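Everything on this sheet refers to the single structure shown next.
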DNA sequence: TACGAAGTCTTCGATATCGAAATATTAGCA
DNA sequence: TGCTAATATTTCGATATCGAAGACTTCGTA
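Chains as they are written, first to last, in our numbering: chain A, 1 to 168; chain B, 1001 to 1168.
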């Protein structure tokens, strides 16, 4: 029998304790650590789902970025959004274009620029995957009441709004 | 002049709208999308800091996992915690051991198992990096009152606790 | 207009990661 | 005990990613 990895809750407790001991502020670390732990778990579940769809996590990141943006994006923007080097995006887009999930269209106004957009097949893949992941995500929040979800969302969105000021 | 990537807040709004249109529940997507967006931004800042320390994001993930666990971990556990294939961990640990940041000690009880632990140099690197990142993290939460931070942490920890039940 | 700086994508060589197979040990059980 | 299945790590070949350099276009300005 494999020695099981500690539970997410136990990992969270230890992580906060470690950061506080290292000089971090507790209220900050409780939030940051929880956010990161949650994302990590979600990523693990998504990875599991994506195997079935024969899409890598990196390719999926491109598809979701395009879907969420609603607009066409340039390779550079996609690289930044998906935390990858611009040169890596070239190959990713080659593969995605080969499979007919995205499309490259040169910008008529600026010939150094290329716009990448989802094809119908790309949108279809997105829809299928979303329907799968929404099940998991709802399940994750099941222990929160409607009011609590709303409050959680509100607080997180305050933080999100702040990100732009820091970035500048 | 480069066409700037949309603000984090704008990206969040569009992402939620996209997911809701695709059939996701709004209260769920507001939370999940915000959590993921926040993590992504944090990762970008960390990456920037880690360049100065000459450590890759993957190597940093190993160091923090060991620090947060407080105990020695096996390569397999580290692979799972850092979302990487077990075979990749071998090379990462080689590099980290070469630099004297981690140490491999065979388990006397089970000779198929190896324990990886932080060296003093590894702990030192951890401390230095933490002091740097805590600044950014505190800044991110600056728009929340003490009460709000506590409430945010509490709600997130309810979600974290739930993760274990889903995993089982 | 002309020219240098900056922006954008791609190419290229080195390195990291992946999945499958190999190696070795341990656990379960007849 | 002996045999099979399960575990844990590493090796290996194929692929993905990175950072730097290349090719081309556009911008700013003299």
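We put the CB at the ideal spot given by N, CA and C, even for glycine. Fair warning: this is a prediction, and the values are worked out from it, not measured in the lab.
{"Query": "If I measure Cβ to Cβ from residue 1057 of chain B and keep anything under 8 Å in the same chain, skipping five residues before and after, which residues do I get?", "Result": "1043, 1046, 1047 and 1050"}
{"Query": "What number of angstroms, rounded off, separates the C-alpha of residue 14 of chain A from the C-alpha of residue 1109 of chain B?", "Result": "26 Å"}
{"Query": "Should residue 1001 of chain B go down as buried or exposed, given a rule of 16 or more other Cβ atoms within 10 Å for buried?", "Result": "In this predicted model, residue 1001 of chain B has a pLDDT of only 37, less than 50, meaning its place in the structure is not dependable; the value taken from the coordinates is given anyway. So residue 1001 of chain B counts as exposed."}
{"Query": "Is the Cβ of residue 151 of chain A closer than 8 Å to any Cβ of chain B?", "Result": "yes"}
{"Query": "Which residue marks the beginning of the alpha helix (DSSP H) containing residue 105 of chain A, and which one marks its end?", "Result": "Looking at the DSSP string, residue 105 of chain A is not in any alpha helix (DSSP H); the run it does join, the beta strand (DSSP E), is 102-106."}
{"Query": "In chain B, which residues lie with their C-beta within 8 Å of the C-beta of residue 119 of chain A?", "Result": "Near residue 119 of chain A there are no residues of chain B at all, since even the closest Cβ is about 16 Å away, more than 8 Å."}
{"Query": "Taking 8 Å as the CB-CB cut-off, is residue 109 of chain A touching chain B?", "Result": "no"}
{"Query": "Count the other C-beta atoms from every protein chain shown that fall within 10 angstroms of the C-beta of residue 41 of chain A, then say buried if there are 16 or more, exposed otherwise.", "Result": "buried"}
{"Query": "Output the distance between the C-alpha atoms of residue 127 of chain A and residue 160 of chain A, rounded to the nearest integer angstrom.", "Result": "25 Å"}
{"Query": "With a threshold of 8 Å on Cβ separation, who are the neighbours of residue 118 of chain A within its own chain once the five nearest residues in sequence on each side are excluded?", "Result": "63, 66, 67, 101, 102, 103 and 126"}
{"Query": "How should residue 1023 of chain B be labelled, buried or exposed, when 16 other C-beta atoms within 10 angstroms of its C-beta is the threshold for buried?", "Result": "exposed"}
{"Query": "Over what stretch of residues does the alpha helix (DSSP H) that includes residue 28 of chain A continue unbroken?", "Result": "26-53"}
{"Query": "Closer than 7 Å between beta carbons: that is the criterion. Which residues of the stretch 54-78 of chain A meet it against chain B?", "Result": "67, 68, 69, 70 and 77"}
{"Query": "With a threshold of 8 Å between beta carbons, is residue 30 of chain A in contact with chain B?", "Result": "yes"}
{"Query": "Does the distance from the C-beta atom of residue 1025 of chain B to that of residue 1016 of chain B stay below 8 Å?", "Result": "no"}
{"Query": "Can you tell me the Cα-Cα spacing of residue 1135 of chain B and residue 1011 of chain B, whole angstroms?", "Result": "25 Å"}
{"Query": "Based on the DSSP secondary-structure assignment, which residues constitute the bridge partners of residue 1116 of chain B?", "Result": "B:1073 and B:1104"}
{"Query": "Could one say the Cβ of residue 1095 of chain B lies closer than 8 Å to chain A's Cβ atoms, at least one of them?", "Result": "no"}
{"Query": "What does a CB cutoff of less than 7 Å around residue 107 of chain A pick up in its chain, not counting 5 residues either side in sequence?", "Result": "113, 114 and 115"}
{"Query": "On the criterion of 16 or more Cβ atoms from any shown chain inside 10 Å, does residue 75 of chain A qualify as buried, or is it exposed?", "Result": "buried"}
{"Query": "Name, please, each residue of chain B whose Cβ falls closer than 7 Å to the Cβ of residue 44 of chain A.", "Result": "1083"}
{"Query": "Sorted by chain position, which residues of the same chain lie with C-beta nearer than 6 Å to residue 1083 of chain B's C-beta, five sequence neighbours on each side aside?", "Result": "none"}
{"Query": "Just checking: is the beta-carbon of residue 1092 of chain B within a distance shorter than 8 Å of some beta-carbon in chain A?", "Result": "no"}
{"Query": "Rounded to whole angstroms, what is the Cα-Cα separation between residue 165 of chain A and residue 1144 of chain B?", "Result": "14 Å"}
{"Query": "Leaving out five residues before and five after residue 1085 of chain B in sequence, what residues of the same chain have Cβ atoms less than 7 Å from its Cβ?", "Result": "1079"}
{"Query": "For the candidate residues A:9, A:32 and A:6, whose alpha-carbon lies nearest to that of residue 1130 of chain B?", "Result": "A:32"}
{"Query": "Give the DSSP-derived three-state secondary structure of residue 1154 of chain B in the structure shown.", "Result": "helix"}
{"Query": "Since residue 150 of chain A and residue 1018 of chain B should fall inside the 8 Å C-beta cutoff, what is the C-beta to C-beta distance between them, to a whole number of angstroms?", "Result": "Not quite, the Cβ-Cβ distance comes to about 20 Å (not below 8 Å), so this is no contact."}
{"Query": "Give the secondary structure of residue 109 of chain A by DSSP, where H, G and I count as helix, E and B as strand, and everything else as coil.", "Result": "coil"}
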